[in-house]
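So for the sequence shown, this note's numbering puts the first residue at -6; every next one is plus one. Report on one structure; see the data block that follows.
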Amino acid sequence: MSTTPARRGRQPAAQAIFAGLVAVSWWFDHRAPAAEPSTPGPAGQAFVMREVAAGSGLVFRHQAPQLDPRLEGIEAQIAALGAAVSVSDVDGDGLPDVYVTSSRFGAPNALFHNQGQGRFRDVAAAAGVADLNVEGRGASMGSCWADMDNDGDEDLFVYRWGYPALLRNDGALHFTDVTAGSGLERWVNCNAAIWFDADQDGLVDLYVAGYFHQEHDLWNLKSTLIMHDDFEFATNGGDNWFFRNLGGGRFLESTAAAGLTSTRWTMGAAAADFDDDGWIDLYTANDYGAEEFYRNRGDGSFELVDAGLGDDSKSGMCVALGEIQNEGRLAVYVTNISERAYLFQGNNLRLNYLDDGSGFLNIAEGPIADCGWAWGSQFGDFDNDGWQDLFVANGFVTGEPGKGSYWYSMSKVAGATGGVVRDAANWPPMNGADLSGGERSRVLMNKNGRVFRDMAEALGVNDAFDGRAVALADLAGRGALDVLVANQRGPLLAWRCEPPAGRHWVQFVLVARHSNRSAIGASVAVKAGPLHGLRVVDGGSGFSSQNERKLHFGLGEQAVLDEVVVRWPDGRRQVLPGAGLAVDRVHTIEEPER
């Protein structure tokens, strides 16, 4: 699937044609050959992935919400959300900690504190962040971390179907619920939230996306008219909200003033400076509709821009950001639904040509496009060869043996008019039927920026759970990324990546002094020989997930850095000569004085 994006502003025709030819030539050999058993290193060593959750102490199983009895017939699909994972260094010891959510009233969330050497212990109860699935308050759908008050430690925002929870980090692995009086306490049936500093005042703001409309308490319904009004262009979802950080733990709802009003069924969001003007922009993925790009006007307000996103995304689940060609420009990956013979939407991999007015060009074909019913994804260099790979979690609802498929029943509803579709009472009961369940994850390895090959089966990544959120972190400080996968009604998985010996790497921790302390929205560009990598500090991305804040670069056989360029959240650039930065090390970079 490939489209030519609508253009923002005027540009020469030859320039537009050139951009398209570059993308097509890059992708021409993407039709993947059979998977290879491994990725060899310099001396022929194999790249290995091993699942290590239980052995690391990351033992957790998600429980789904139980909703109003009137939804019983299709509860399996309505309540198929809530398995989420986020990563943050909670106590500032330099080790990533892991927070995972459950979604049934009474079921605890978990905060896995890193004990070192890749070992974890659940401290959520003692920390005050476990018991957040409470009747009348809401069920957890995800979380994101940021130092909201710039006091040097990471605070936690848990979004729910219900009232969100803002938990201030008091230090010593203890949190206080400060939602009351924060300005955030309103009912939002939310499946996505991210932190970013929209106005460059040094305080992270909060974007909270509604899914089901906020008038619905899904446990105590007044009406069963809760579903989308269209399968491709629905606009009756919950409101999306923007909260301006005023400092002192207080937020001001500023959605209209920021130009971020939307009632799409938003599933994913990510923020970055996509157009390289020094201001952080916003990208959203919407279920039952097109993706949206909001350009920052340069004052913390936004305009919805036609950037070529309106035609080829109908069930956007996540927004993942990566750099796939080593040319220093961000690509965007949005997952969708693919079920041959019923619905093949295909995932979107968009190259960013905003700098020449061409918008985002979708080049997804082959295994990148077809991952089944795809959910969370993240880019990361799993084998340290210098090229960012892609992990995708898949599968919607695994049914009971012998109960058949629900696809035919759902296709009948999809052909009905909006009023029929909106009423959950009109949907045929699932009765234990399967709906694209049991689909394995994909490990899409980037071969020199020209081909992605699905290596999952060859690597032994053969899980068959209903995957949701994906987050990346170097859990044991080995100089290699690990992959965390939260599964709906299933266990948390931790895939340990073991790159071939002899490949180099470098990691960066950014500490802001004038920008927001978490440096959310900052980027690092590394030049090492032919490799020109780019990474962005994450305030939430993918689907209901957040990666470790430390930025990881695989370098392959490059043992020397040429240059490192840091772009801080306020747009300022800091250039560091590579000679002073050793490879195979973690470097902490502090924001310079203004």
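Yeah, the Cβ is synthetic: ideal placement off N, Cα and C, and Gly gets one too. Bear in mind the structure is a predicted one, so any value in this text is a computation, not a measurement.
Check                                                                                                                                                                           : Outcome
Provide the residue span of the beta strand (DSSP E) that contains Q371, from first to last.                                                                                    : 367 to 373
Taking the DSSP output, what are the residues bridged to K440?                                                                                                                  : V444
Select from R496, N345, F501 the residue whose C-alpha is nearest the C-alpha of Q551.                                                                                          : R496
Where DSSP assigns a beta bridge to F384, which residues make up the other side?                                                                                                : Q371, V436
In angstroms with no decimal places, state the Cα-to-Cα distance between P157 and L166.                                                                                         : 21 angstroms
Output needed for L452: all residues of its chain with C-beta closer than 8 angstroms, excluding positions within five of it in sequence on either side, in chain order.        : S31, F40, V41, M42, V436
Return yes when the Cβ of N184 is within less than 9 angstroms of the Cβ of L74, no when it is not.                                                                             : yes
Check whether the Cβ of E432 sits closer than 8 angstroms to any heavy atom of the ligand MN, and report yes or no.                                                             : The model on display carries no ligand, and the ligand MN is accordingly not part of it.
Excluding the five sequence neighbours on either side, which residues of its own chain have a C-beta within less than 7 angstroms of the C-beta of R666, listed in chain order? : In the structure as shown, the chain begins at -6 and stops at 587. Residue 666 is therefore absent and cannot be evaluated.
Could you say if the segment 470 to 482 and the segment 230 to 244 meet the contact criterion of at least three C-beta pairs nearer than 8 angstroms?                           : no
Assuming E450 is part of the alpha helix (DSSP H), what are its boundary residues?                                                                                              : 449 to 452
State yes or no: is the C-beta of F295 within less than 9 angstroms of the C-beta of D274?                                                                                      : yes
Going by DSSP in three states, S398 sits in which element: helix, strand or coil?                                                                                               : strand
For a quick check, are the C-beta atoms of N377 and E432 less than 9 angstroms apart?                                                                                           : no
Here's the rule I'm using: 16 or more other beta-carbon atoms within 10 Å means buried, otherwise exposed. How should V454 be labelled?                                         : buried
So, for F399: in the same chain, excluding its five sequence neighbours on each side, which residues have a beta-carbon less than 6 angstroms away from its beta-carbon?        : Correcting the residue identity first, residue 399 is Tyr in this sequence and not Phe. These residues qualify, in order along the chain: M423, A426, L428.
Which of helix, strand or coil does DSSP assign to L211?                                                                                                                        : coil
DSSP beta-bridge partners for D194?                                                                                                                                             : Its beta-bridge partners do not exist; DSSP assigns none.
Going along the chain, which residues of its own chain have a beta-carbon closer than 6 angstroms to the beta-carbon of V390, five neighbours each way excluded?                : A69, Q70, A73, L428, G430
CA-CA distance, D222 and I67?                                                                                                                                                   : 17 angstroms
Count the other CB atoms, across all protein chains shown, that sit within 10 Å of the CB of H504; report buried if there are 16 or more and exposed otherwise.                 : Note on identity: in this sequence residue 504 is Val, with His being the wrong assignment. V504 should be labelled exposed.
Can you tell me where the beta strand (DSSP E) with A575 in it begins and where it stops?                                                                                       : Looking at the DSSP string, A575 is not in any beta strand (DSSP E), and its letter there is neither H nor E.
For a quick check, are the C-beta atoms of G315 and T277 less than 9 angstroms apart?                                                                                           : no
Can you name the start and end residues of the beta strand (DSSP E) that E296 belongs to?                                                                                       : 295 to 298
Which runs of the alpha helix (DSSP H), 4 residues or longer, sit entirely within the segment 28 to 112?                                                                        : 46 to 49, 68 to 71
Give the DSSP-derived three-state secondary structure of D115 in the structure shown.                                                                                           : strand
For G392, which of F458, V559, L64, D198 has the nearest alpha-carbon?                                                                                                          : F458
Taking three-plus beta-carbon pairs below 8 angstroms as touching, is the segment 338 to 349 in contact with the segment 531 to 546?                                            : no
Between the C-alpha atoms of A120 and A521, what's the straight-line distance to the nearest angstrom?                                                                          : 42 angstroms
Select from C364, N540, I513, G352 the residue whose C-alpha is nearest the C-alpha of D190.                                                                                    : I513
Let's test the definition: count the other Cβ atoms within 10 Å of the Cβ of S216 and tell me whether it reaches 16, buried, or not, exposed.                                   : exposed
Tell me the DSSP secondary structure of K543 in three-state form.                                                                                                               : coil
Provide the residue span of the alpha helix (DSSP H) that contains P360, from first to last.                                                                                    : 359 to 362
On the DSSP letters alone, give me the boundaries of the beta strand (DSSP E) that T259 sits inside.                                                                            : 258 to 265
Within 8 angstroms, do at least three Cβ pairs link the segment 319 to 329 to the segment 367 to 383?                                                                           : yes
Should N233 be labelled buried (16 or more other beta-carbon atoms within 10 Å of its own) or exposed?                                                                          : buried
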